[in-house]
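K.L.:
In order, the protein sequence lines correspond to chains A and B. Sequential numbering of the first sequence, starting at 25, is according to my numbering. Sequential numbering of the second sequence, starting at 25, is according to my numbering. In this text, a Cβ means the ideal position worked out from N, Cα and C, and glycines have one as well. Quick caveat: nothing in here was measured; it's all calculated off a predicted structure. Can you keep this structure in mind? I'll have questions shortly.
Number of protein chains: 2
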Amino acid sequence: MPNDSPAASYSVDEINRVKRRHDRGFYDQATVHALLDSAALCHVSYVIDGQPYCTPTLYWREGTRLYWHGSSASRMLRNLSTGEPACLTVTHLDSLVLARCGFNHSADYRSVMAFGKARLVSDQEEKERALVMMVDRLFPGRTGQLRPTAKQEIKASAVISMEIERASAKVRAKGVADDEEDYELPIYAERLPVYTVLGAPEPCPRLLAGVERPANLAGYREGRKLDDALREAYDMAYLEPAE
Amino acid sequence: MPNDSPAASYSVDEINRVKRRHDRGFYDQATVHALLDSAALCHVSYVIDGQPYCTPTLYWREGTRLYWHGSSASRMLRNLSTGEPACLTVTHLDSLVLARCGFNHSADYRSVMAFGKARLVSDQEEKERALVMMVDRLFPGRTGQLRPTAKQEIKASAVISMEIERASAKVRAKGVADDEEDYELPIYAERLPVYTVLGAPEPCPRLLAGVERPANLAGYREGRKLDDALREAYDMAYLEPAE
Numbered sequence: 025m026p027n028d029s030p031a032a033s034y035s036v037d038e039i040n041r042v043k044r045r046h047d048r049g050f051y052d053q054a055t056v057h058a059l060l061d062s063a064a065l066c067h068v069s070y071v072i073d074g075q076p077y078c079t080p081t082l083y084w085r086e087g088t089r090l091y092w093h094g095s096s097a098s099r100m101l102r103n104l105s106t107g108e109p110a111c112l113t114v115t116h117l118d119s120l121v122l123a124r125c126g127f128n129h130s131a132d133y134r135s136v137m138a139f140g141k142a143r144l145v146s147d148q149e150e151k152e153r154a155l156v157m158m159v160d161r162l163f164p165g166r167t168g169q170l171r172p173t174a175k176q177e178i179k180a181s182a183v184i185s186m187e188i189e190r191a192s193a194k195v196r197a198k199g200v201a202d203d204e205e206d207y208e209l210p211i212y213a214e215r216l217p218v219y220t221v222l223g224a225p226e227p228c229p230r231l232l233a234g235v236e237r238p239a240n241l242a243g244y245r246e247g248r249k250l251d252d253a254l255r256e257a258y259d260m261a262y263l264e265p266a267e
Numbered sequence: 025m026p027n028d029s030p031a032a033s034y035s036v037d038e039i040n041r042v043k044r045r046h047d048r049g050f051y052d053q054a055t056v057h058a059l060l061d062s063a064a065l066c067h068v069s070y071v072i073d074g075q076p077y078c079t080p081t082l083y084w085r086e087g088t089r090l091y092w093h094g095s096s097a098s099r100m101l102r103n104l105s106t107g108e109p110a111c112l113t114v115t116h117l118d119s120l121v122l123a124r125c126g127f128n129h130s131a132d133y134r135s136v137m138a139f140g141k142a143r144l145v146s147d148q149e150e151k152e153r154a155l156v157m158m159v160d161r162l163f164p165g166r167t168g169q170l171r172p173t174a175k176q177e178i179k180a181s182a183v184i185s186m187e188i189e190r191a192s193a194k195v196r197a198k199g200v201a202d203d204e205e206d207y208e209l210p211i212y213a214e215r216l217p218v219y220t221v222l223g224a225p226e227p228c229p230r231l232l233a234g235v236e237r238p239a240n241l242a243g244y245r246e247g248r249k250l251d252d253a254l255r256e257a258y259d260m261a262y263l264e265p266a267e
């Protein structure tokens, strides 16, 4: 969101403190939000009758609030509608790291864990706005180019929101990091980068003649990193009024 | 694992039945295991004092058992060591889908949710074998090329195992799927593929002169899909005795 305060930070307590490798932990909103805005897929954890569930879903952020989507039939939504504790996690895998001993094998990654109470969005206006932003957050201005959403589609959709009460980011970005004495060993070590990228867009085979790819999708081009495209789209969707 | 029975299937009940879009659900071990073996990163959900946590970590499979790793200092391991209910989820994002209405915007994906009781591996032999396979599952034969693991490194490591009691796979792989009447609208729609690929290996800048990249890493080459490389490595690690 444009109105983040650069100095703002999430408070830290026993729930969100990064304990293992605490040097990798960040709590400032700038770091946490940048990671959230660079992804589309998250995993949400919630509890039913003592059993934890970990569900992948699409999500997005507005200020310090997260939104995600599901059918009203899903077990997650039935459970979370009354305001249940949840944890939404986003992870970017950036590399596999091959060190000179097994213990120092690792991975570079950027992740965020966000904690709060998940609630079903029941306010009609907030829900309709959320259903627009679910699409326009990815593809700014797209909703205005689409067949309008039908009333029964709005009814069949469910949107969950969660005000972030606590959050932490954890980042490892150092590649090979061996024990000092191990660098003298004749053992091969490397950082193996991992990228999530866009392929060539595949237009629907049933497009009507003359229908071209709209200019607002130009940021989604073959070979581009997904996180860069998502971050750019997010900034466009929230900084510039979408058509 | 080589000894999967092709006909074997995980049993289905209220916990793992795919309720939303049940046509996308699979329970056979062949489908579930193939998806698990094609990834390195999972998200594990567990509960402490009613608060769910969703933690990203590296994992692998042996038969119907999953393993993952963490320091004995981590909050996850302290909690799970006595056998706590957990859910381990793996998701491959394959595309973003732009349809002719907001409601049909979607994504192609392949995911697995596995449920069971997570336990700290306390048997010393099982733990040492797991620490080998944590590396060799990714890079078959690599442990034999490394500086041996020190006793204090084994002690400082913790390995978690979870026998899979229930599991389900969920797959969407159909790209644009609009309502029949919407195909007559002059609206652009596409499937936007997403690939997770390997970059060019980055050798450690402190390699000793003459140390070459070993042949057993040849499958990890620039531009290859990560899931293909991981699946191939997995099959090599478990089908062929690693050196």
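Answer yes if the region 147-166 of chain B comes into contact with the region 245-262 of chain B, meaning at least three C-beta pairs across the two stretches below 8 Å, and no otherwise.
P.N.:
yes
K.L.:
Return the chain-ordered list of same chain residues with a C-beta closer than 7 Å to the C-beta of Leu120 of chain B, the five sequence neighbours on each side being excluded.
P.N.:
Answer for Leu120 of chain B: Ala131, Leu216 and Val218, listed in chain order.
K.L.:
Counting pairs of Cβ atoms below 8 Å between the region 228-241 of chain B and the region 133-140 of chain B, do you hit three or more?
P.N.:
no
K.L.:
How long is the line joining the alpha carbons of Arg85 of chain B and Val145 of chain A, rounded to whole angstroms?
P.N.:
C-alpha separation (whole angstroms): 38 Å.
K.L.:
Would Ala257 of chain A and Leu122 of chain A be called neighbours here (beta carbons separated by less than 8 Å)?
P.N.:
Taking 8 Å as the Cβ cut-off, Ala257 of chain A and Leu122 of chain A do not qualify as a contacting pair.
K.L.:
Does any residue of chain A bring its CB to less than 8 Å from the CB of Phe127 of chain B?
P.N.:
yes
K.L.:
Taking only beta-carbon positions, decide if Asp259 of chain A is within less than 8 Å of chain B.
P.N.:
no
K.L.:
Assign Arg85 of chain A to one of three DSSP states: helix, strand, or coil.
P.N.:
strand
K.L.:
On a CA-only basis, which of B:Cys125, B:Gly74, B:Ala253 and B:Gly165 is nearest Leu209 of chain B? Give me that one, please.
P.N.:
B:Cys125
K.L.:
Kindly list the residues whose CB is nearer than 6 Å to the CB of Glu189 of chain A, restricted to its own chain and excluding five residues on each side of it in sequence; keep chain order.
P.N.:
Phe139 and Gly140
K.L.:
Helix, strand or coil, according to DSSP, for Gly168 of chain A in the structure here?
P.N.:
helix
K.L.:
Residues of the region 138-172 of chain B in Cβ contact with chain A at a cutoff of 8 Å, in chain order, please.
P.N.:
Shown in chain order are the members of the region 138-172 of chain B whose Cβ falls below 8 Å from a Cβ of chain A: Phe139, Leu155, Val156, Met158, Val159, Leu162, Phe163, Arg166, Thr167, Gln169, Leu170, Arg171 and Pro172.
K.L.:
Name the chain B residues whose beta carbon is nearer than 8 Å to that of Gly74 of chain A?
P.N.:
Those within 8 Å of Gly74 of chain A in chain B are Val71 and Pro109.
K.L.:
What residues in its chain sit with their C-beta under 6 Å from that of Val56 of chain B, if we drop five residues either side in the sequence?
P.N.:
Val136, Ala191 and Ala193
K.L.:
Could you have a look at Arg255 of chain B and say whether DSSP puts it in helix, strand or coil?
P.N.:
helix
K.L.:
Against chain A, does Asp206 of chain B count as a neighbour if the rule is that its beta carbon must be under 8 Å from one of theirs?
P.N.:
yes
K.L.:
Once you ignore the five residues that flank Thr173 of chain A on each side, which residues in its own chain have a CB closer than 7 Å to its CB?
P.N.:
The answer, listed in chain order, is Leu155.
K.L.:
Just curious, the alpha helix (DSSP H) that Val156 of chain B is in, first and last residue?
P.N.:
Gln148 to Asp160
K.L.:
Across the region 51-69 of chain B and the region 34-42 of chain B, are there enough close Cβ pairs to call them in contact, namely three or more that are closer than 8 Å?
P.N.:
yes
K.L.:
To the nearest angstrom, how far is the alpha carbon of Ile39 of chain A from that of Thr106 of chain B?
P.N.:
20 Å
K.L.:
What's the C-alpha gap between Thr115 of chain B and Val68 of chain A?
P.N.:
12 Å
K.L.:
Could you confirm whether any beta carbon from chain B is found closer than 8 Å to the beta carbon of Ile39 of chain A?
P.N.:
Proximity of Ile39 of chain A to chain B, defined by a Cβ-Cβ separation below 8 Å, is satisfied.
K.L.:
Could you name the residues of the region 232-248 of chain B whose beta carbon sits closer than 8 Å to any beta carbon of chain D, in the order they occur along the chain?
P.N.:
Considering every chain present, this structure includes no chain D. Its protein chains are A and B.
K.L.:
Rounded to the nearest angstrom, what separates Pro80 of chain B and Asp251 of chain B at their Cα positions?
P.N.:
17 Å
K.L.:
Less than 8 Å between the C-beta atoms of Cys66 of chain A and Leu112 of chain A, yes or no?
P.N.:
yes
K.L.:
Which two residues bound the contiguous beta strand (DSSP E) that contains Val183 of chain B?
P.N.:
Ser181 to Arg196
K.L.:
Counting only C-beta atoms, is Arg196 of chain A closer than 8 Å to chain B at any point?
P.N.:
no
K.L.:
Does any C-beta atom of chain B lie closer than 8 Å to the C-beta of Thr226 of chain A?
P.N.:
Looking at the sequence provided, one finds Glu at residue 226 of chain A rather than Thr. Taking Cβ atoms only, chain B reaches closer than 8 Å to Glu226 of chain A, which makes this a yes.
K.L.:
State the DSSP-derived secondary structure class of Gly49 of chain B, mapped to helix, strand or coil.
P.N.:
Looking at Gly49 of chain B - three-state DSSP - the assignment turns out to be strand.
K.L.:
Work out the CA separation of Glu152 of chain A and Glu246 of chain B for me, nearest whole Å.
P.N.:
44 Å
K.L.:
Looking at the strands, I want to know which residues DSSP matches up with Cys66 of chain B.
P.N.:
B:Thr81
K.L.:
Quick one: list the residues of chain A neighbouring Val221 of chain B, beta-carbon separation under 7 Å, in chain order.
P.N.:
Those within 7 Å of Val221 of chain B in chain A are Tyr219 and Val221.
K.L.:
Helix, strand or coil, according to DSSP, for Arg41 of chain A in the structure here?
P.N.:
Here Arg41 of chain A sits in coil by DSSP.
K.L.:
So Ala182 of chain A contacts chain B; which residues on that side make the cut at Cβ distance below 9 Å?
P.N.:
Neighbours of Ala182 of chain A on chain B: none; closest Cβ ~10 Å, over 9 Å.
K.L.:
Can you give, in chain order, each stretch of the beta strand (DSSP E) that sits fully within the region 109-145 of chain A and has at least 3 residues?
P.N.:
130-144
K.L.:
How would you list, in chain order, the residues of chain A whose beta-carbon sits under 7 Å from the beta-carbon of Leu209 of chain B?
P.N.:
Arg171
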